[in-house]
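So the numbering used here is basically just the index in the sequence shown, starting at one, shifted up by 41.
Cβ atoms here follow ideal geometry from the backbone N, Cα and C, with glycine treated the same way.
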Amino acid sequence: MLLFAFAGACALGGGYYFFAVENNAEKKIVNPKELVQRYQSRIQAILGDHAALNASVSRNPNAFACLSSVTADCTSKAGLFVLYPSQNALAISQLPNNAGISEDGDACNTYPSKDCPLHIEASWEPVCKAGGCVDTKSFQMSVAVRYDANDHAPVLDWKSDSVLVTPDVRLSAEVQCARSGGMLSGSSCVTGGSDRAIASSDNPNVVVPAQQAPNGMTPGDERLVCPQTIPVQGNNYPAQMSSPGKADVMIPAVNQCPNAVDTYNFMCRPNSSPTFENEGIWVQTGASLAPPCDENGHPLQEPTSSEAK
């Protein structure tokens, strides 16, 4: 019995020793240069995939907010964003400086360290015309990879070539209507001088005949009359006056972070086809979108704003 127990212990010990050697051998074959090259190949594939780039734009509503604003003014809007391989895949790049990827490919937050040696940053800058960045449609995108285990091993860097991206930007009905010089009323974009439905706090579907002013506001010296509510994403919200002729609308953030709000900025401007004297329409001039949050709901960066100049 004693001999059997001893043999079993040796077998168990041998098995454990074999497992440990296998694990150590597996960890030793992780070559930093090969690891960087592996992600280099993945990133180059993403940069060549229009669908993947569209997914990254749509999943970064804060970073690329200017592209879908009324003026598409992306002046000074360059910065970092999160790169995604597809619409439903996990992120391949990081925003926080301490976030990274382990040698096993897991997300980590102790970069730079042996347990978290890889950090990837994706950045963009708008392609502007000679006269400025209004009506921006394209931007340059690049991705940088750094391996830093914070030990005696050398730091490895790789950066992709810049890629010109013209994404398929989805515009809200309000922005599409405003870009055509109209104002969204219910589900219709009103640009002519016919009777139109005015959204007011008293009656959201009042039809206002020509020459009859609605129960609205008269902001600023221009004495323009704009509605008391502003439609955003298919719903009417109270116009919160920020200064003469300007109003804001605050709604729950589209990124669904708790207690976060997106703020849309509007200006009361003359209606090109008024149905009564001094009729104005609300035109969106910018937006300040809530930043992304971590799993605890804490913001990861400052709010992203887009404002027409």
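For this session: Starting from the N-terminal side, write out each stretch of the beta strand (DSSP E) that is 3 residues or longer and does not extend beyond the region 111–157.
Result: 120–122
For this session: Measure the C-alpha to C-alpha separation of Gly146 and Arg211 and round it to an integer number of angstroms.
Result: 33 Å
Exercise. Does DSSP put Thr259 in a helix, a strand or coil?
Worked result: Below a pLDDT of 50, predicted positions are generally treated as unreliable, and Thr259, at 39, falls in that range; the measurement from the model is reported next regardless. Here Thr259 sits in coil by DSSP.
Exercise. Beta carbon of Ala219, beta carbon of Gln325: below 8 Å?
Worked result: yes
Problem set entry | Closest residue to Pro126 among Ile142, Trp199 and Leu88 (Cα-Cα distance) | Pro126 has its Cα closest to that of Leu88, out of Ile142, Trp199 and Leu88.
For this session: Consult DSSP for Arg310 and reduce its assignment to one of helix, strand or coil.
Result: strand
Problem set entry | Sufficient close CB pairs (3 or more, under 8 Å) joining the region 151–167 to the region 128–136 | Yes, since at least three Cβ pairs between the region 151–167 and the region 128–136 fall closer than 8 Å, the two stretches touch.
Problem set entry | Option nearest Glu166 by Cα separation, candidates Val295, Ala93 and Ala106 | Ala106
Problem set entry | the region 287–296 / the region 72–81 touching (three or more Cβ pairs under 8 Å) | In this structure the region 287–296 does not lie against the region 72–81, because fewer than three pairs of beta carbons, one per stretch, are closer than 8 Å.
Exercise. Between Cys25 and Pro340, what straight-line distance do the alpha-carbon atoms span, to the nearest angstrom?
Worked result: Nothing can be reported for residue 25, as the shown portion of the chain is limited to 42 through 350.
For this session: With DSSP as the reference, label His193 as helix, strand or coil.
Result: DSSP, read as helix, strand or coil, puts His193 in coil.
Exercise. Could you give the C-beta distance for Glu144 and Pro158, rounded to a whole number, given that I count them as a contact under 8 Å?
Worked result: 7 Å
For this session: Following the continuous beta strand (DSSP E) through Val206, name the residue where it begins and the one where it ends.
Result: Val204 to Val206
Problem set entry | Identity of the residues DSSP links to Asp289 by a beta bridge | Gln281 and Asn306
Exercise. Taking just the CA atoms, how far does Gln128 sit from Ala353?
Worked result: What the structure shows of the chain is the stretch from 42 to 350, and residue 353 is not part of that stretch, so it cannot be assessed.
For this session: Provide the residue span of the alpha helix (DSSP H) that contains Pro73, from first to last.
Result: Pro73 to Leu88
Problem set entry | Segment limits, beta strand (DSSP E) that includes Arg220 | Arg220: not part of any beta strand (DSSP E); member of the alpha helix (DSSP H) spanning Ala214 to Arg220, first to last residue.
For this session: Can you give me the Cβ contacts of Gln81 inside the same chain, cut-off strictly under 7 Å, excluding the 5 residues immediately before and after it?
Result: Val186 and Trp199
For this session: Would you mind reading off the limits of the beta strand (DSSP E) that contains Leu341?
Result: It is not in any beta strand (DSSP E) - Leu341 carries neither H nor E in the DSSP assignment.
Exercise. Taking Cβ to Cβ, would you say Val266 is nearer than 8 Å to Gly321?
Worked result: Yes. Within cutoff.
Exercise. Between Ser201 and Gly286, what straight-line distance do the alpha-carbon atoms span, to the nearest angstrom?
Worked result: 46 Å
Exercise. For Val295, which three-state DSSP category applies?
Worked result: Here Val295 sits in coil by DSSP.
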